[in-house]
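J.:
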Amino acid sequence: MDFDLPADLEEYRKQVREFSLREFTEETAMMHDIKEKYPDELRKKALESGIIDFSNPWKTMLGIEEMCRVDPGLGISATVPYFGAEILMLHGSDYLREKYLSKVATGKMMMGLGVTEPGGGSDVAGLKTSAKKSGNHYILNGSKMFITNGGIADFFVTLVRTAEPDVPSKRHRGLSVLVVERNFKGFSSNKLTGKLGVRATNTAELIFDNVEIPQENLVGEEGKGFYYVMEFFNISRVFVAAQSVGIAQGALDMVTEYLSSQEKKGVPVSEELKFKLSEMATRTEASRLLMYKAASYLFNYKPNPTITSMAKGYASETAAFCAETAMEVTGMTGLSTKLERFFRDSKIMEIWEGTSEVEKIVISRMMMRGDSSE
Amino acid sequence: MDFDLPADLEEYRKQVREFSLREFTEETAMMHDIKEKYPDELRKKALESGIIDFSNPWKTMLGIEEMCRVDPGLGISATVPYFGAEILMLHGSDYLREKYLSKVATGKMMMGLGVTEPGGGSDVAGLKTSAKKSGNHYILNGSKMFITNGGIADFFVTLVRTAEPDVPSKRHRGLSVLVVERNFKGFSSNKLTGKLGVRATNTAELIFDNVEIPQENLVGEEGKGFYYVMEFFNISRVFVAAQSVGIAQGALDMVTEYLSSQEKKGVPVSEELKFKLSEMATRTEASRLLMYKAASYLFNYKPNPTITSMAKGYASETAAFCAETAMEVTGMTGLSTKLERFFRDSKIMEIWEGTSEVEKIVISRMMMRGDSSE
Amino acid sequence: MNEQLQMMMDNVKQFCEQAIKDQAITFEREGIPESMFQAFRDQGFIGANLPSSMGGAELDRQGYDAILFRLAEYSPSAAFYVYMNNSIILPLLSGAGMNDLAGEVMKGTVRIGLASSNLLEGTGDHDPFLSTAVFPSEHMIKVENGKVLLVRGKFQHADRKSLGLRGLGVGMNSFEAEESKELGRKESLEKLMLGSSWEQSAIFLGLSKGALDKAIEYTKVRKTFNYPLKDYSPVAFRLSELMSDLEFMTHFLFSEEGEQKGLMLKARSSDFSRKATKHALQYHGGYGYLEDFGVEKFYRDSVALSSLMFRPEGDKKALAESIYGSKSGYL
Amino acid sequence: MNEQLQMMMDNVKQFCEQAIKDQAITFEREGIPESMFQAFRDQGFIGANLPSSMGGAELDRQGYDAILFRLAEYSPSAAFYVYMNNSIILPLLSGAGMNDLAGEVMKGTVRIGLASSNLLEGTGDHDPFLSTAVFPSEHMIKVENGKVLLVRGKFQHADRKSLGLRGLGVGMNSFEAEESKELGRKESLEKLMLGSSWEQSAIFLGLSKGALDKAIEYTKVRKTFNYPLKDYSPVAFRLSELMSDLEFMTHFLFSEEGEQKGLMLKARSSDFSRKATKHALQYHGGYGYLEDFGVEKFYRDSVALSSLMFRPEGDKKALAESIYGSKSGYL
């Protein structure tokens, strides 16, 4: 049993920290928040500087954590162009990996994941977007909602229905994954504005109006799409846990700094506020350990859905808890500094990539089946 | 980074589990709870069977966890005869280690730790028991409260005041540790009855009425007692975390079993109850990880007080949370089975070896000083 | 709170201070003595809410709840005893036309136990089962095959102390039945349990007040690190918050009416009592863990009563349905 | 709630349904329009609690709070605007003998901003500072060197949207002062803030109700895994619990009086509003995160108002001291 990261990863963490502190200035963060503008220049800079390294999942995770610690909106934006890539990596043909994935890794393309639908939320299997086979094409109709990078990505790994389920109650059958390009005819997107937080990220609704998709853009096998996506969520949830740990740590940093400076100024700091600091610190530490454990299973090719859901569920609740507690502790100071942005950003953690409720369903199902977090 | 225990410890854990399931029958547990009787036969059996191995702290910790998982009162009783030993081990003279410690390891003696005083609680430095030097003896007067093993231990590692503090506000100076034998003249103890829980453990008040303590029973140096005891708490808190994790896991086991059996019987189990199961499981897992991390620092001779206090504080609150939630989920079933004993037992975790409040003070102090859990 | 209600509160308080306060610990250890049951009758607690035709005092809902609230502050067992007679046992007997036996119960010459384990959602129709065992008693009300039975026979008191209501000998008692009589369908008993949400709330709130008052007093006198506990913000703030919540709910108890509101109060006061008593115990430190200090009983009783009186599923579902106005919360 | 109060509640509700409901989102995006401020005056909201000598309507405390409660259900910004004029600005002007200016404020021809950042425990005496910026406005009340000043000058509106009260342009606005007049000592303003615990509670509870009602309605229609959200016990139970707590506190707001009780309600309703709005947002899923759905504003405003109106240290200490009857909670 060993709780230390290898030296190279510790070094990497430090580099990302330096990069984020240097590049994610308050001015930059505030501007992208106010204007709801995607920071494309930061995405490029991060990629060029070698900070972003999607080939090592440990680095991806630590990079997300450290960037979100400085600014969640910018941090997520810089690390999300690859979102959904694991599906292509694990199940895409050589053709698809070459045509699409390789260009994402080099920053020439951005990608997105199209799963959620309007009114669908966590109920993935209930989706309505349909792809009908017609010759060597699929004809795609429907829409997707809350799609990250929806207005800017070049293509989307998209879950669609290619067949009715053979048994009506098994709605997760008959789903497939297609790669849909933005410049395919009939594709359009509407940017969603007025988000509470993570406003630097781009979110949109996608609309498919008789979009023709070449047959070779089918990822893996027809009918297996649901399993591919669930497998992906088991991966991506660890990264959401990393976003959450970053937010929690960022809020904790600010409260520690605030209380210490109060004391230095001779303003007495009450036990009440110190206790809140302790609770934030303890929950953040616990979240990070759950994340590490989930990662150490997952990145060693023995994913454990129980611990993954625990990590995502607990860390996201901790992010919201820490940001809110930080606001409470710092009062007017929090309201007039970047802390309020952390507070707004944090709430989405409990919602995307499976709400807290969905994580609890997964955990209890595994537990009652006799699987545990070991 | 590695979250697996070495195979020999996994094997050891299994052995303790088997031992506990075999020996800690419900009848035995209930009887000792009702009669507030210390299970001396179980202490001996555990020692003879080789299950108790105080030479390896990892084993001690895992043993405590697994035993408390089956029954907290019996589990603590079987593992507590050694309580306070680390102080002698680290600071006792060869004479003291030979005369006392070696006999505890072989089960010929039991020991206890005398720190808390009536009305003193967590405020250790405020203690009033005094030892005045007189020739080659100390004359001891005062009393100790809530002393585990107080009515049955052969000797006590006892914190006393040997000098007034040189600076009045530095009350922790002038304290020393003495070994006090039960059969010294002037020593007496009153067993405390009517405890809410852990009733199989023995708790007593110690009274020192002009007890003569030979000079060689001084542990380490005069005036350093406070530091020895604080150092010890940094160790023992990990073991209280283990007691707590055991209790939480035991409650979780029972709820998992209860809900699964309801489902097998065709009784629908609501999402509400499943969510509670998930929360219990997640917090238990997080507690265990904090405990492991604290242990991995401590047992490698680089103790980290922040993570230790996090582990003890969080795990003890989790024990109480899980036991209470288990009662809520199981209703009448919990009320009429051993779960209600777990519920009563759990509450002491938040109180002894530093209340939850004290842990929070430690954590915030370290954080504001710039120390973290790394 | 109107003047009449305030007077009632004051009177019951006076009785509790004189007759219960110093004995409450003995109740826990040895059960409530027979003399105390007589005192409840003499005070008019037994039958307080019942019609005069049954020999009752016809107090209104709030007046009756004032009695339960105050008793629970000192001894939740005592409060539950009065509640179970007035709100369950006597109405059941009266409903079955057994007025003579009801009269004996009112007089205190007959006492009847309640087999709690299978009254509500309990699964335990086995023997021994969790029950009150008010000695000396030869009667027990239990549920069997959907019927409420009055059973006559012999109690075998359990060795084991129960989690809660120790003053009533609640535990896994055995009962050897000699004869039994049907008092009605199970539904009639459920209706009584569900129809007494306000009373159950009064007990939850009263015991919370008992625990919190103790914590307030203790934190005034107990010092740590040279200052009384009350000077520390986490202690003072948390207790203030709990006292505030108690104030809102107590005010609600004594000034509102209605089924939905009663259900709301029961659901929340049951949760609240567990939280409040847990904090009250914690602020007593190690002493809180000892019976002698009289605070751990509230902690135990809050959980035991939550299991006995509150159906975590059924009651919350009923509440949700009354709020949504339709089926809800059933998944 | 008596008949008169109920009528007041109904009237304000009607106004809100007609005049605010569909515009509330525009308030958030663009600020409350001038026409709306006129409507508040025409409805008698401005000056509702003030003596007739000042042109006020002399409503009692509960009547005034009914207005704030209802407005907060639809737009916390609107409620805070009425509160800050009636409970802070107008009394300050009147106390300083500036009745002409007060009259202009009552008529709506002059509007005055509040520099929130340094009113209470804020550290920010720097410029720009957090303030309301009700345009068009040339006046600002701020605290400087222990004095309350009425400053006349020019606002420079902040780019950045604030966390809360966006309808009032709260943000790090700049203000270029041209002249200033002393309205009194800082203490007089603190007294007004502290003396309006009930009003502040009304806003916290009103906005909680606004958020929870939205959640109740949404969970009736939104389906997941083939069932409406309300059918799932965790959703239905949690919302029922929150609705219950809201019921207790709302009942308290409209039937109790007194300084300590007001402080109790303020402390708990402020905490409650954060909890309630967080759950309300959560049950809206991704849609809750979007401005369009009108629920995230309650979440933001609850936290912003907690910081603006509630002193987490000072107010809780005051409450603790009133409960203990002596110094407490200061460590």
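Protein chains in written order, with the working numbering: chain W, 1 to 374; chain U, 1001 to 1374; chain V, 2001 to 2331; chain F, 3001 to 3331.
Beta carbons: idealized from backbone N, C-alpha and C, even for Gly.
1) May I ask you to verify whether the region 1155-1163 of chain U touches the region 1028-1044 of chain U, counting CB pairs closer than 8 Å and requiring at least 3?
2) Report yes if the C-beta distance between Glu3176/F and Lys3147/F is below 8 Å; otherwise report no.
3) Is DSSP giving Ile1348/U helix, strand or coil here?
4) Anything in the region 3227-3247 of chain F with a Cβ closer than 8 Å to a Cβ of chain U? List those residues in chain order, please.
5) Given this structure, state the Cα-to-Cα distance separating Thr3026/F from Tyr3081/F, to the nearest angstrom.
6) Determine the extent of the beta strand (DSSP E) in which Gln2156/V is found, giving its start and end residues.
7) Give me whichever residues DSSP pairs with Pro2076/V in a beta bridge.
8) Mind checking if Glu1272/U is an interface residue toward chain F, Cβ cutoff 8 Å exclusive?
9) Using the beta-carbon of each residue, which ones in chain W are nearer than 9 Å to Tyr1292/U?
10) For Arg344/W, which residues in chain F fall below 8 Å Cβ to Cβ?
11) Would you mind stating whether Leu1047/U and Gly1107/U have Cβ atoms separated by less than 8 Å?
12) Chain V partners of Phe1146/U, CB-CB under 7 Å?
13) Just tell me which of Ser2302/V, Ile2088/V and Gly2286/V has its CA closest to the CA of Gly1194/U.
14) Counting only C-beta atoms, is Lys195/W closer than 8 Å to chain F at any point?
15) If the cut is a Cβ gap below 9 Å, which residues of chain V does Ile3323/F touch?
16) Any beta carbon of chain V sitting closer than 8 Å to that of Lys3220/F?
17) Once you ignore the five residues that flank Arg2029/V on each side, which residues in its own chain have a CB closer than 7 Å to its CB?
18) Could you list the residues in the region 3304-3317 of chain F with a C-beta less than 9 Å from some C-beta on chain W, going in chain order?
19) Just to make sure I have the definition right: I need the residues of chain V whose C-beta is within less than 9 Å of the C-beta of Phe275/W. Which are they?
20) At a Cβ cut of 9 Å, what residues of the region 1120-1150 of chain U count as close to chain V, listed as they run along the chain?
21) Assuming contact is defined by CB atoms lying nearer than 8 Å, are Gln2275/V and Gln2200/V in contact in what I supplied?
22) Touch check for the region 2099-2110 of chain V and the region 2067-2077 of chain V: three-plus C-beta pairs under 8 Å?
23) Please report the distance separating the alpha-carbon of Leu3305/F from that of Gly3164/F.
24) Helix, strand or coil for Asn210/W? Go by DSSP, reduced to three states.
25) Let me see if you follow: with CB-CB separation under 8 Å, is Tyr227/W close to chain U or not?
26) Taking the C-alpha atoms as reference points, what is the distance between Asp2100/V and Ser2094/V?
27) Throw me the rounded Cβ distance for the Glu3247/F and Lys2230/V pair, which I believe falls under 8 Å.
28) Compare the C-beta of Arg1182/U with all C-beta atoms of chain V and state if any pair is closer than 8 Å.
29) Indicate the three-state DSSP secondary structure (helix, strand or coil) for Thr325/W in the structure shown.
30) For chain V, check one thing: does any of its Cβ atoms lie closer than 8 Å to the Cβ of Thr1282/U?
31) Quick one: is Ile361/W near chain U, going by C-beta distance under 8 Å?
32) Any Cβ of chain U within less than 8 Å of the Cβ of Gly266/W?
33) Are Leu2207/V and Glu2073/V closer than 8 Å when you measure CB to CB?
34) Apart from the five residues on each side of it in sequence, which residues of its chain come closer than 6 Å, Cβ to Cβ, to Lys293/W?
35) With distance defined between alpha-carbon atoms, name the residue in Gly1186/U, Glu1205/U, Asp1123/U and Ser1189/U nearest to His1172/U.
36) What's the gap between the Cα of Arg3166/F and the Cα of Gly334/W?
T.: Let me lay it out:
1) no
2) no
3) helix
4) Tyr3232, Ser3233, Pro3234 and Phe3237
5) 16 Å
6) Lys2147 to Gln2156
7) Paired residues: none, contrary to the question.
8) yes
9) Met1, Phe3 and Leu289
10) Leu3163 and Arg3300
11) yes
12) Gly2286
13) Gly2286/V
14) yes
15) Ile2216, Ala2236, Leu2239, Ser2240, Met2243 and Ser2244
16) yes
17) none
18) Ala3304, Ser3306, Ser3307, Leu3308, Phe3310, Arg3311, Pro3312, Glu3313, Lys3316 and Lys3317
19) Ser2233 and Pro2234
20) Gly1120, Gly1121, Ser1122, Asp1123, Ala1125, Gly1126, Met1145 and Phe1146
21) The sequence shown places Lys at residue 2275/V, not Gln. No; because the gap between Cβ atoms is not below 8 Å, this pair is not in contact.
22) no
23) 7 Å
24) strand
25) no
26) 9 Å
27) That pair is no contact at about 31 Å.
28) no
29) helix
30) no
31) yes
32) no
33) yes
34) Ile307
35) Asp1123/U
36) 16 Å
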